[in-house]
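Numbering of the sequence shown is given in numbering that gives the first Met the number 0, commencing with residue 0 and proceeding in unit increments. Don't be surprised by glycine CBs; every beta carbon is placed ideally from N, CA and C. The structure displayed is predicted, hence computed values, not measured ones. Notes follow once the structure below has been shown.
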Amino acid sequence: MRLSLLALPLVALSVAAHAETNEEKGARWWSHVQAIANDGMEGRGTGTPGYDRAADYVIAQMQALGLKPMGVDGYKQPVAFVEQVIQSDKSSASLVGPQGAAALAVPGDLIFSGGGGPVPESIDAPMVFAGYGLHLPEAGHDDFAGLDLKGKIVVVLSGGPANISGALKSHARSERAHWLAAQGALGLITLVTPKQVEIPWVRRVALASAPALYYADKALRDTETPFLGAQFDPAKSAQFFAGTGKDFDAIAAAADASAPVASFPLALRFKAQVAATRRDLSSPNLVGVMPGSDPKLAKEYVVLSAHLDGYGIGTPIKGDAIYNGAFDNASGVASLLEIARALKAGKLKPKRSILFTFVTAEEKGLLGARYFARRPTVPQKDIVADLNFDMALPIFPLTAVTPIGYDQSSLGQDAAAVSAAMNLPITPDPFPDRNVFIRSDQYAFIREGIPALFFKYGFKAGTPEADTEKAWRANLYHSPFDDLNQPVLPAETAKLNDYVTAVTLRVANTPARPAWNADSFFKRFAK
């Protein structure tokens, strides 16, 4: 049945779009990015006037496209947060050993996390090193086995065993703070080996002053009690291992090779005073629906998601303080608007309803998407799939696609069939240890048992495309220079938009609901 339906979406697309070139479609897509990521939107920080202005633009576009409101207040689904700002100048930290205390610069050496829930005001506790910090008994791996975690600060290292899938490792990292808190641990400090650094430490320090958020509703928070979270300067991580007789360089080399890494108690204590300010704020998800054409299937929904928020106004870099977020993720918002246009214009209409969901607070921990997935504006049982756009990076020609999660559910069959028809082969995630599986909004739906895909330009590690992507991350990602002045190939994203439109139609029109693969770890979340 799936194969017999394949040609229909592609025919529909060709009928709808034959008069437009990829250049024309790409230019319209880029015009949306320009509207959403210009300096007047002030980086679209969650809960800011700039975000609200961007939301007004998206709502106006949904109205023009004929999408019906599906929020709780028109197109809006308000989400209540507490904003927490770490006061670095009033906070302190140190590593304490037999010879005394070694002060750590905040945020120069150590960055406290303000997300998840309230931070503890004071902490003084022994530390344990828990290797990769992965609790995966299902895969025969548990870095915490044999460690006494109660009352401890747990230190973990980036990476993971090569024989465990990237998706599974990503899931374990996502659930780690909640699991550790349940074991009585007091906090988590994450170390990254120098070779695995994605974003320069100096840029992380620049972002340290950015407000963090957690849910106002305690029932939605990661931990029930205050829990410490922190990152440490990769160039100085060896300090944690003083007095253990262990060579951090050797441990880091093992992690870089995805080899086994031992867990053991550390010889030092961690001591800190954390000052923070808090205030209540609200920011909306935006939800519009394209009703399905089939009387029965229209009661089910395919969600298309993209986050609208960005980092807002932050620490200036080279005199620029507006973190525009053009690729991350005005580009994804623009793609959803263009897919809505294509579906509306197409001859073949989706049988299931399509829910266009523009979420808030992704940069604060997928909070808007997690809220919507747990408390959707339609019955959760009627959501059959999520197809997510986030930072597709139109910086080299689109010759392949990487739908993250394609190997976990029947959605992979839909993606593969469209790939074959459009001559866009699927390539696996070239960097599975980056945790992208849990770092965008599709994961909020997966946690609720809903199959999902997350669309990226496809490329292989070690290629010029991989070098281009790495350079973009090192120089522009989460910086003021992800703006409208960077090089872009709009026509290439027009191809990706057409690809996802075809996948959307296929998922919407296939009689059977998407299902998890029998061997998928995430099948356990199905409801």
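Cβ neighbour criterion (16 or more within 10 Å) applied to residue i
i, result
"T224", "exposed"
"K67", "exposed"
"S282", "buried"
"S30", "exposed"
"G183", "exposed"
"A100", "exposed"
"N284", "buried"
"A11", "Only weak support is given to the placement of A11: the predicted model assigns it a pLDDT of 45, under 50, and the value that follows is read from those uncertain coordinates. Classification of A11: buried, given that the 10 Å Cβ count is 16 or more."
"A53", "buried"
"A6", "Since pLDDT at A6 reaches only 42, below the 50 mark, its modelled position is unreliable, and no value is offered."
"D221", "buried"
"V201", "exposed"
"Q86", "exposed"
"P106", "buried"
"T426", "buried"
"D385", "buried"
"A517", "exposed"
"R523", "exposed"
"T462", "exposed"
"D108", "buried"
Cut-off 8 angstroms between Cβ atoms - residues of its own chain near residue i, not counting five sequence neighbours on either side
i, result
"D255", "G158, T192, K194 and Q195"
"M0", "Its pLDDT being 32, under 50, M0 is placed unreliably by the model, and the measurement read from it follows with that caveat. The answer, listed in chain order, is T509, P510 and A511."
"L342", "M289, K348, P349, I353, T500, T503 and L504"
"G145", "S262"
"L529", "As displayed, the chain neither begins before 0 nor continues past 526, which places residue 529 out of reach and without an answer."
"D72", "P283"
"P396", "L488 and E491"
"F247", "S236, A237, F239 and F240"
Residues near residue i by beta carbon distance below 6 angstroms, same chain, minus five either side
i, result
"R277", "V81 and Q83"
"S173", "I437"
"S409", "P513 and A514"
"S13", "Because the pLDDT of S13 is 42, which lies under 50, any placement of that residue in the model is unreliable, and the number read from its coordinates should be weighed accordingly. Counting only Cβ-Cβ distances below 6 angstroms, and skipping sequence neighbours, we find nothing."
"G527", "With the chain running from 0 to 526 in the structure shown, residue 527 is simply not present."
"G130", "D142, V260 and S262"
"D293", "K350"
"A368", "V358, D440 and A443"
"A372", "A443, F444 and E447"
"S519", "Q407"
Contact set for residue i: own chain, Cβ-Cβ below 7 angstroms, skip 5 residues either direction
i, result
"A339", "L64, L66, M289 and F355"
"F521", "Q407, I445 and W515"
"A26", "P489"
"A493", "N21, K24, G25 and W28"
"P40", "A small correction: the amino acid at residue 40 is Met; Pro does not occupy that position in the sequence shown. Excluding sequence neighbours, M40 sits near G49, R52 and A53."
Element boundaries [alpha helix (DSSP H), containing residue i]
i, result
"N21", "N21 to A36"
"R278", "Taken as a continuous stretch (DSSP letters only), R278 belongs to no alpha helix (DSSP H), being part of the beta strand (DSSP E) at A275 to M289."
"H477", "Looking at the DSSP string, H477 is not in any alpha helix (DSSP H), and its letter there is neither H nor E."
"R505", "P489 to N508"
"D255", "F247 to D255"
"Q86", "Here Q86 belongs to no alpha helix (DSSP H), and DSSP marks it neither H nor E."
"F444", "Q441 to I445"
"Y456", "Counting along the chain, Y456 falls outside any alpha helix (DSSP H), though it belongs to the beta strand (DSSP E) covering A451 to Y456."
"P393", "Where P393 is concerned, there is no enclosing alpha helix (DSSP H), given that its DSSP letter is neither H nor E."
"D413", "L410 to M421"
Near the ligand NAD: residue i beta-carbon under 7 angstroms from a heavy atom
i, result
"S282", "Within the structure as shown, the ligand NAD is missing, as the structure has no ligands at all."
Beta strand (DSSP E) segment containing residue i, residue limits
i, result
"T189", "G186 to L190"
"A229", "L227 to F231"
"S304", "Y300 to H306"
"A266", "F263 to Q272"
"P48", "Taken as a continuous stretch (DSSP letters only), P48 belongs to no beta strand (DSSP E), being part of the alpha helix (DSSP H) at P48 to A63."
"L156", "I152 to L156"
"V400", "V400 to I403"
- prompt: What are the uninterrupted segments assigned as alpha helix (DSSP H) that are 4 or more residues long and contained completely in the stretch 357 to 390, given in chain order?
  reply: 366 to 373
query: So, do the stretch 408 to 417 and the stretch 469 to 477 have three or more beta carbon pairs nearer to each other than 8 angstroms?
result: no
- request: Decide if the stretch 294 to 306 is in contact with the stretch 381 to 394; the criterion is three or more beta carbon pairs, one per stretch, under 8 angstroms apart.
  value: yes
- prompt: Counting pairs of beta carbons, one from the stretch 149 to 168 and one from the stretch 249 to 269, are three or more of them closer than 8 angstroms?
  reply: yes
Uninterrupted beta strand (DSSP E) stretches inside the stretch 177 to 224 (no shorter than 3 residues): 186 to 190 and 211 to 214
task: Would you list, in sequence order, the uninterrupted alpha helix (DSSP H) runs of no fewer than 4 residues that lie entirely inside the stretch 97 to 125?
output: none
message: Does the stretch 311 to 320 come into contact with the stretch 450 to 461, if we say contact requires no fewer than three beta-carbon pairs (one atom in each stretch) closer than 8 angstroms?
response: no
message: If contact is defined by three or more beta carbon pairs under 8 angstroms, each pair taking one atom from either stretch, is the stretch 432 to 450 in contact with the stretch 165 to 176?
response: yes
query: Within the chosen definition, does the stretch 319 to 335 reach the stretch 388 to 403 through at least 3 CB pairs nearer than 8 angstroms?
result: yes
- prompt: Does the stretch 88 to 103 come close enough to the stretch 237 to 247 that 3 or more CB-CB pairs lie under 8 angstroms?
  reply: yes
query: Which runs of the alpha helix (DSSP H), 4 residues or longer, sit entirely within the stretch 316 to 358?
result: 330 to 344
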